[in-house]
Each structure stands twice: as C-alpha cells, then as structure tokens.
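Protein chains in written order, with our numbering: chain A, 1 to 187; chain B, 188 to 374. Even for Gly, the Cβ is constructed at its ideal location relative to N, Cα and C. Predicted model only: the values in this text are computed from it and were never measured.
Number of protein chains: 2
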Amino acid sequence: MTTRANLIQAASTLLDQGGEGAVTLRAVGQAAGVSHNAPYRHFRNRDALLADVASADLETLGRRFADIRGSEEAPANRLLNALGVLIAFSRTHPARYRLVFGAPTLARDHPDLQVSSAACLAEIITLVDDCKAAKALADAPTKSLAALLLAALHGLVLLEAQGQLQTGKGLPTLEETMALMVDLFSP
Amino acid sequence: MTTRANLIQAASTLLDQGGEGAVTLRAVGQAAGVSHNAPYRHFRNRDALLADVASADLETLGRRFADIRGSEEAPANRLLNALGVLIAFSRTHPARYRLVFGAPTLARDHPDLQVSSAACLAEIITLVDDCKAAKALADAPTKSLAALLLAALHGLVLLEAQGQLQTGKGLPTLEETMALMVDLFSP
DNA sequence: ACCTGAACACCGTTCAAGT
DNA sequence: ACCTGAACACCGTTCAAGT
C-alpha cells in the first residue's frame, strides 16, 4: 500500500470512529505511521485529503449502482435498491456520508470531487431513465426526477439524523418513505 | 440590546460574511464589543452559541410560514410560497441555512434546537394538511408528504450549492423543480 | 521524491482576578 | 452577575533540514 492510500484509509477510519472533528492531520499521520505533516507531500491541505476520501466513496457507490443496474430486478426495484444502498451507507458511515453529500463548500473548491459526484449522479439518472422507459415513473424530465429522488433521500437522512423523523414503532422507515415517493411519481 | 442578543447578532453577521469558519469566539466577541471569552457567561460553548443562532432563524422562518398560511392564496400556492421562502433564505444566508438544516450533530446535542426545528416542521405539516383538505395533494400520510417535500427542497439546495444542478439558461430553477414535485404529488 | 522536527499563528476553553 | 487578561492544550500550515 502506498503512503497516499494509507492516509486516505486512515482518514476514513477516523471519520467512522470520531466524526470530522477527529480527522486531524496529526491523528491521520499517526494512524498511517508517518509524521503529522507528511500528508502535505500527497495532498495540498486537510480539505484536499477529505475531498479525496469523498471521491473514493463516491466511486465505490457508483460501481455498486452500476452493478444494481445489471441485476435481474424490475427497473423500479433497481432504483429503490440503489437508494437503499445510500441509506445503508448513511447509517454505517454517517460522517463519510455527510462528507460526500452534505459538504457543498468542499465540493465547490475541489473540481475532482465535483466530477466524482456528477458520475455518481449519472448512475442514478440512468436508473431513472430505465424506470421511465418501463412506464414505472411519470414522463417528467429525467434530470429533475433523479435530482428530486436523490435530494429527498438526502434530506430524509438529515431529518432522521436530527431526530425530526421518529422512525420505528410502526412509523415508516426511510426506505418505505422513499418507496412512497417513487409510487407517487408513478404514472 | 442585551449582550447576549449582541453576541447572537454578531455571530449571524459573521456567518453571512465568512461562513462557519469565520465564527470564532474571538471574532464574535470583538464584533460585539466584549472580550473573547465573555460569550462563556451567556453560552456553554461555541456550539451552544451556534445552536441559538439556528433557533432564532427557525423561529423567524416559522413566523413567516404562519403568515403565509393566513394569506389569501390557494393552499398549493401557500405551500409553494413557504418553500420559496426557504429557497430564498438558503441563497441569501447559505451558512445560516446550513446551520439550521444541515448540521445534524448540532441538533442532536441541543434539545432547544430540536424543539425549534420541530415547530418549524409543524408549520409545513399544517400547510400540507391544508393542501390535502383541498384535494391539492394525494391522500398519503401528511407527515410523510411534508417530510418528503422539505427533504427534497433541502437536498436540491445542497445539489445546487455543490454545482450538480446547473440552473439557469433554460434549465429549471429550484422553485420550478419543487412545483413539479408538488404537481406529481397531486391526485 | 519523500519525510521529519521545530516553529508560527490561531483557536476553544479554563481560571484567577477584577467591578 | 458579568467581564477581563493570562495561560493551556490543540490544530493547520510552513520551513529548513535530512535521506
């Protein structure tokens, strides 16, 4: 493993364990077995390291979406499965999820991250297009539908994380609420 | 003006001018004309100050939603107007908007903020209920519809801020995309 | 090319002291 | 009760120096 990959891995682990605040360059360096300013040989600064962590996660998610597209499920279920992957990721890696989908300032300043983000969004757009072709979604602009679905999912994740969406005990889960949305978007 | 109100105001202004990173207690203190640790007499720590800034904005937004509910518009337009208020706020005060709707960690640790947030969400729920009564929205659970609308709006704001939603030049605005969503949610 | 240790400026927070 | 100045621990970043 290259030092650069080690640093990205260390930052990911720290994000999972202690949130963004725990990702100090000193902690990252120590976890990767280098000094606290060795990262500067591989990333312009702390934000650039975080942007690369986010890009790596977006590429992994994009590959999983592509796999789902090739699966045997019906188009609407493929779409729901992809959204389910995002929901699961937001629960197992909340800080990394927030970095990927909830850090607009980071994306604005790092074109590479914008590219990864656009590629991931493009996978969702393809899944939505498949649904439209199968008459499983209304005939509205694909980009608008995809943006609304992804946006709603992200907003629900945040509402849940803020405690505004008391889930459980008979109340609908995020997955069920997204299924409702897809249903309402059906023709 | 009380010192406490001065500090909240100073923090709000700093958020608007330089984002969350600009809100150091030293800068807040200086802008309010007190020392850099005077805030500790009024707030437990920096996060508590930020939570109070967010609560203040949520109360202002809630009052505006209540006004909109009492307006002469049709229920669906009242709902769209309320969503428009949020979109406008996200554009004129992006950092404050992010604090209110995109800082789950802050909300989790500050019950007061959760209460303000729930009160604001309750206003949206009322507007959705009015739409349902007027047959302007499908007969799905009100809470789910309201959560989906608010969530989608928030997600779109973030996508736009990340540059993933190239708006303008013929492409739909956030307001138009939300109008599409409300339309798709109509019976 | 990659890494290290020292150093700098900055920040949140605490504390003893003042009125 | 409210405020201040000094101090502490921590952090991102830079730099001179090492291999």
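DSSP state of residue i mapped onto helix, strand, coil
i                      : result
residue 18 of chain A  : helix
residue 357 of chain B : coil
residue 188 of chain B : coil
residue 302 of chain B : helix
residue 222 of chain B : coil
residue 45 of chain A  : coil
residue 211 of chain B : coil
residue 154 of chain A : helix
residue 137 of chain A : coil
residue 277 of chain B : helix
residue 404 of chain B : This structure does not reach residue 404 of chain B, given that chain B is present from 188 up to 374, and the question cannot be answered.
Cβ distance (whole Å) where residue i is taken to contact residue j below 8 angstroms
i                      : j                      : result
residue 71 of chain A  : residue 64 of chain A  : That belief does not hold up - the Cβ atoms of residue 71 of chain A and residue 64 of chain A are roughly 11 angstroms apart, past 8 angstroms.
residue 15 of chain A  : residue 96 of chain A  : 5 angstroms
residue 82 of chain A  : residue 127 of chain A : 6 angstroms
residue 49 of chain A  : residue 11 of chain A  : 6 angstroms
residue 194 of chain B : residue 152 of chain A : With 8 angstroms as the limit, residue 194 of chain B and residue 152 of chain A do not qualify as a contact, their Cβ atoms being about 36 angstroms apart.
residue 304 of chain B : residue 245 of chain B : 6 angstroms
residue 274 of chain B : residue 362 of chain B : 6 angstroms
residue 216 of chain B : residue 209 of chain B : In fact, because the Cβ distance is near 13 angstroms, the residues do not count as touching under 8 angstroms.
residue 342 of chain B : residue 154 of chain A : 4 angstroms
residue 190 of chain A : residue 75 of chain A  : Outside the displayed range of chain A (1 to 187) lies residue 190 of chain A, so it cannot be described from this structure.
residue 106 of chain A : residue 54 of chain A  : 7 angstroms
Partners in chain B for residue i, counting only beta-carbon separations shorter than 7 angstroms
i                      : result
residue 121 of chain A : 351
residue 89 of chain A  : Those within 7 angstroms of residue 89 of chain A in chain B number zero; the least Cβ separation is about 15 angstroms.
residue 185 of chain A : 371
Residue i, buried or exposed, once every other Cβ within 10 Å from all chains shown has been counted against 16
i                      : result
residue 204 of chain B : exposed
residue 166 of chain A : exposed
residue 98 of chain A  : buried
residue 188 of chain A : In the structure displayed, chain A extends from 1 to 187; residue 188 of chain A sits before or after that span and is not available.
residue 364 of chain B : buried
residue 223 of chain B : exposed
residue 321 of chain B : exposed
Contacts of residue i in chain A (Cβ-Cβ under 7 angstroms)
i                      : result
residue 368 of chain B : 148
residue 380 of chain B : This structure gives no information on residue 380 of chain B, because the portion of chain B shown stretches from 188 to 374.
Proximal residues of chain B, C-beta to C-beta of residue i below 9 angstroms
i                      : result
residue 75 of chain A  : Correct list: empty, because the minimum Cβ distance to chain B is about 18 angstroms.
residue 194 of chain A : Residue 194 of chain A is absent from the model: chain A starts at 1 and stops at 187.
Listed by chain order, chain A residues near residue i by CB distance under 8 angstroms
i                      : result
residue 206 of chain B : 105
Within chain B, partners of residue i - CB distance below 8 angstroms
i                      : result
residue 158 of chain A : 288, 289, 291, 338 and 341
Problem set entry | Residues from the segment 297-326 of chain B in contact with chain A, defined by Cβ distance under 8 angstroms | The residues in question are 301, 304, 305, 308 and 325.
Exercise. Taking Cβ-Cβ distances below 9 angstroms as the criterion, which residues of the segment 143-156 of chain A are in contact with chain B?
Worked result: Taking 9 angstroms as the Cβ-Cβ cut-off against chain B, the residues of the segment 143-156 of chain A that qualify are 143, 144, 145, 147, 148, 149, 150, 151, 152, 153, 154, 155 and 156.
For this session: Below 9 angstroms between beta carbons is the criterion; list the residues of the segment 35-52 of chain A that meet it against any residue of chain B, in chain order.
Result: From the segment 35-52 of chain A, no residue has a Cβ closer than 9 angstroms to chain B.
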